[in-house]
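Chains as they are written, first to last, in this note's numbering: chain H, 542 to 933; chain D, 542 to 933. Remarks on the structure that follows.
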């Protein structure tokens, strides 16, 4: 194992350093781990395999160059903050869930759920679904995991998040080629493709968020005027995160509950504000040490500086960050306002002849429960979720 | 549009002709539709695009040759049968679900669910989960849609069902390559891969059935002696079916509830028998015109003759076929016994030092509900499922 230290430019905001550390894993398959060393302001990279370090260093410097924020710096704002009093974080929350909670690892960034953990997930999801119905008269839906590539294309996903897309591909319809593939794997080999022509172009991907389905389902329609339309759904979402996929805080396949609003600007913004108020009450009932702050999406390198600036400067994205240790927090929910972006791209009208404004609240259920168990332990987390379900 | 007629060999069993008709779609991307013409004992193929017909005919003859059953013919047996009295099939069940039931098409073989249809799915799934707990003390689990390719490899899936696998692939970790992919799609193009080296080898696929997860989760373990271990889970399953993906009876992504048994031979077989008895009671409560018959899996061409013979001759697979019109039925559930196949491949011991025998009951929820609506209409289907949930 070889370790590289790559200096970072001075005065980069801490959230940019964190993002660069995460993106580093996508630079080369030889990278096993990346760490941000605040003391020396450098990126520390563990490599496996021989002699690729010069090439990797060049790629990392290229990445850092592309992600530099320069004169566009905007500091994230903290809007709400809450510390919990009991104070002791469990360093073994993950182990506790595995040993007693019914959580098990089935592979890289993929887990199975049963027992207490499955019960907690269902309870929390049911609670959020009821809130969506009560506060927004949201229509409940059940979408697919497969999402048409066309919908992600409309959302600009392949340009902004190419690193995290999971494509759903199948063998191209060709009798001899399928037979050859079958024959090649008759001795029990791992699947490999011989040539890109063997697979059909990816007309579907795995959905990275629930709300793309809402926009897709409404494509070409015009919504009733003078009101906000609300939908809610639970679904499995997929974001490939390479070597960042560890433990329960970063899964390739995770459970998301989303509430989506469509309508005119002020009403969508008011709905988002109302959701924040209700969810902050949930944060209190779960007695969480947490904060709500402005944030940006994990755009890939080239998109990063300008889109980060745009999102932060316009308060388009708020994240609920919940602490999992005294100095680490994870994003467990986001509250987003997209202006007319999706209304335009999916040709959804707002009743006034103009494209609809949209917004959404998205909850990462495994993450929220994991943070809760880190702060309170499994037994108390079950009681707190139970209590919240009765009182909210 | 050009139409080809390919003669079939005389005296092929009807279920083999049906399978050949389905497999035909995988022979060439130019094939739009295939039909079995019983009167002339031929395969009728619609083609799009110019001048490929000679090549396609050769591929189809190759397919038919590989799927010929010759001296291995075994006729499927009907074990139970039931006709419903009310008698009138709705030809508009699908349209009724779309218009009033909350079903909508989101793409090829993919549907969205809300309203009555989503309610029916949840109700039916809950009913089956409770039956699994009551009859078999089954442990309830929640698995992923992503399944390690290694698990499908162990199950021989890539050799037997290469045509229907959905691979979950992502871009290989390489900064320049990911940047290039992003740049290439900046103008809103559909995603394409330039070269097979651009994507990482598929370490994950989308699960074609729930039970692979059960075997994967138990890999390398030894189960308690002298009893049968039972698990149940609901999950989305994925089988790419090319041009056969139409309506609600054949979805690329569908909902499956499964019950899995592991243990010694006689107890696994007894559990399967018991499941059949309980489910036949459900068939009666839903007042379905249906039959239970021996069946075989949809193996690709080269595997077909011997594996079909093996499954049919050894009563390894029973299918619940439910009528959707006076002369068409669809498989809505299967009851399988795998001998020691999965116990051996996944190294699961049965407590006696030998690999476990396994079996499973699998329910295709959309299909079962669709058949119910075909036979009774949506309103009555809701009442019947409700009634069954109370009485079973």
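Every residue, glycine too, gets a C-beta built ideally from N, C-alpha and C. Because the structure is a prediction, the values reported are computed rather than measured.
So, is the C-beta of residue 659 of chain D closer than 9 Å to a C-beta in chain H? Yes - at least one Cβ of chain H is within 9 Å of the one on residue 659 of chain D.
Would DSSP call residue 821 of chain H helix, strand or coil? In the structure shown, residue 821 of chain H sits in a helix (DSSP, three-state: H, G or I).
With 16 as the cutoff for other CB atoms within 10 Å, does residue 814 of chain H come out buried or exposed? Exposed, because fewer than 16 other Cβ atoms sit within 10 Å of the Cβ of residue 814 of chain H.
From D:835, D:914, D:822 and D:650, pick the residue whose C-alpha is nearest to that of residue 856 of chain D; which is it? Measuring C-alpha to C-alpha distances from residue 856 of chain D to each of D:835, D:914, D:822 and D:650 identifies D:835 as the nearest.
Does any residue of chain H bring its CB to less than 9 Å from the CB of residue 558 of chain D? No, because no Cβ of chain H sits closer than 9 Å to the Cβ of residue 558 of chain D.
In chain order, what residues of the same chain have a beta carbon less than 8 Å from the beta carbon of residue 893 of chain D, not counting five sequence neighbours either side? Cβ within range, chain order: 766 and 805.
Can you tell me whether residue 787 of chain H is buried or exposed, with buried defined as 16 or more other CB within 10 angstroms of its CB? Flag for residue 787 of chain H reads exposed.
Given a cut-off of 9 Å, decide if residue 570 of chain D and residue 741 of chain H are closer than it, judged by their beta-carbon atoms. In contact: residue 741 of chain H and residue 570 of chain D (Cβ atoms closer than 9 Å).
Do you know offhand how far residue 768 of chain D's Cα is from residue 808 of chain D's? Distance between the alpha carbons of residue 768 of chain D and residue 808 of chain D: 7 Å.
Range of the contiguous beta strand (DSSP E) that encloses residue 865 of chain H: Where residue 865 of chain H is concerned, the enclosing beta strand (DSSP E) stretches over 858-866.
Quick check: is the beta carbon of residue 652 of chain H nearer than 9 Å to any beta carbon in chain D? Yes, because at least one Cβ of chain D sits closer than 9 Å to the Cβ of residue 652 of chain H.
Counting only runs that start and end within the stretch 710-759 of chain H, where is the alpha helix (DSSP H) found for 4 or more residues in a row? The qualifying runs are 716-725 and 752-758.
Give a yes or no on whether the minimum CB-CB distance between residue 887 of chain H and chain D is below 9 Å. By this cut-off, residue 887 of chain H is not an interface position.
Any C-beta of chain B under 9 Å from that of residue 742 of chain D: Absence of chain B from the displayed structure is noted, the protein chains being H and D.
Cα separation between residue 682 of chain H and residue 927 of chain D? Here the alpha carbons of residue 927 of chain D and residue 682 of chain H stand approximately 20 Å from one another.
Do residue 582 of chain D and residue 548 of chain D come within 9 Å of each other at the CB atom, strictly closer than that value? For residue 548 of chain D and residue 582 of chain D, yes; Cβs fall inside 9 Å.
Which same chain residues, not among the five before or five after residue 848 of chain D, have their C-beta less than 8 Å away from its C-beta? If we look at residue 848 of chain D and ignore the five residues flanking it on each side, its Cβ neighbours are 701, 837, 838 and 840.
May I ask you to list, following chain order, the residues of the stretch 786-809 of chain D that have a beta carbon less than 7 Å from some beta carbon of chain H? Those residues of the stretch 786-809 of chain D placed with their C-beta closer than 7 Å to a C-beta in chain H are 793 and 794, ordered along the chain.
Kindly indicate which residue of H:697, H:625, H:559 and H:595 has the alpha-carbon position closest to the one of residue 609 of chain H. Its Cα nearest to that of residue 609 of chain H, the residue H:559 stands out among H:697, H:625, H:559 and H:595.
Residue 681 of chain H: contacting residues in chain D (beta-carbon distance under 8 Å): Close to residue 681 of chain H, with beta-carbon spacing below 8 Å, are these residues of chain D in chain order: 655 and 659.
Beta-bridge pairing of residue 688 of chain D - partner residues as DSSP gives them: Answer is D:746.
Please name the residues in the stretch 697-724 of chain H whose beta-carbon is closer than 8 Å to at least one beta-carbon of chain D, in chain order. Within the stretch 697-724 of chain H, the qualifying residues are 697, 699, 700, 701, 703, 704, 705, 706, 707, 708, 709, 710, 711, 712, 713, 714, 715, 716, 717, 719, 720, 722, 723 and 724.
7 Å Cβ cut-off: residues of chain H touching residue 604 of chain D: What residue 604 of chain D touches in chain H: 716.
Going by C-alpha to C-alpha distance, which of H:647, H:651, H:810 and H:665 sits closest to residue 922 of chain H? It is H:665 whose Cα lies nearest to the Cα of residue 922 of chain H.
What would DSSP say about residue 787 of chain D, mapped onto helix, strand or coil? Here residue 787 of chain D sits in coil by DSSP.
Could you say which of D:861, D:911, D:884 and D:909 lies nearest to residue 617 of chain D if we only look at CA atoms? Closest in alpha carbon position to residue 617 of chain D, among D:861, D:911, D:884 and D:909, is D:861.
By the three-class DSSP mapping on this structure, what secondary structure does residue 907 of chain H have? Three-state DSSP puts residue 907 of chain H in a helix.
Let me see if you follow: with CB-CB separation under 9 Å, is residue 844 of chain D close to chain H or not? Closer than 9 Å: yes.
Do residue 758 of chain H and residue 793 of chain D have their C-beta atoms closer together than 9 Å? Residue 758 of chain H is not a Cβ neighbour of residue 793 of chain D, given a cutoff of 9 Å.
Using CA atoms only, rank isn't needed, just tell me which of D:690, D:633, D:691 and D:777 is closest to residue 903 of chain D. Comparing Cα-Cα distances from residue 903 of chain D to each of D:690, D:633, D:691 and D:777, the minimum goes to D:777.
Quick check on this structure: which residue in D:799, D:575 and D:842 has the alpha carbon closest to the alpha carbon of residue 905 of chain D? If we check each option's Cα against that of residue 905 of chain D, D:799 comes out closest.
My guess is that residue 704 of chain D and residue 687 of chain H are in contact by the Cβ rule of under 8 Å, so how many angstroms apart are they, rounded? With 8 Å as the limit, residue 704 of chain D and residue 687 of chain H do not qualify as a contact, their Cβ atoms being about 17 Å apart.
If the cut-off is 7 Å on Cβ atoms, which residues from the stretch 893-918 of chain H count as contacting chain D, listed in chain order? Listed by position along the chain: nothing, the set is empty.
Look up residue 600 of chain H in the DSSP assignment and give the residues it is bridged to. For residue 600 of chain H, which the question treats as bridged, DSSP gives no partner whatsoever.
Could you tell me which uninterrupted alpha helix (DSSP H) segments, each at least 4 residues in length, are contained entirely in the stretch 646-704 of chain H, listed from first to last along the chain? Those alpha helix (DSSP H) runs which fall completely within the stretch 646-704 of chain H and span 4+ residues are 656-677, 690-695 and 698-701.
Give the secondary structure of residue 826 of chain D by DSSP, where H, G and I count as helix, E and B as strand, and everything else as coil. Residue 826 of chain D sits in a helix when the DSSP states are folded into three classes.
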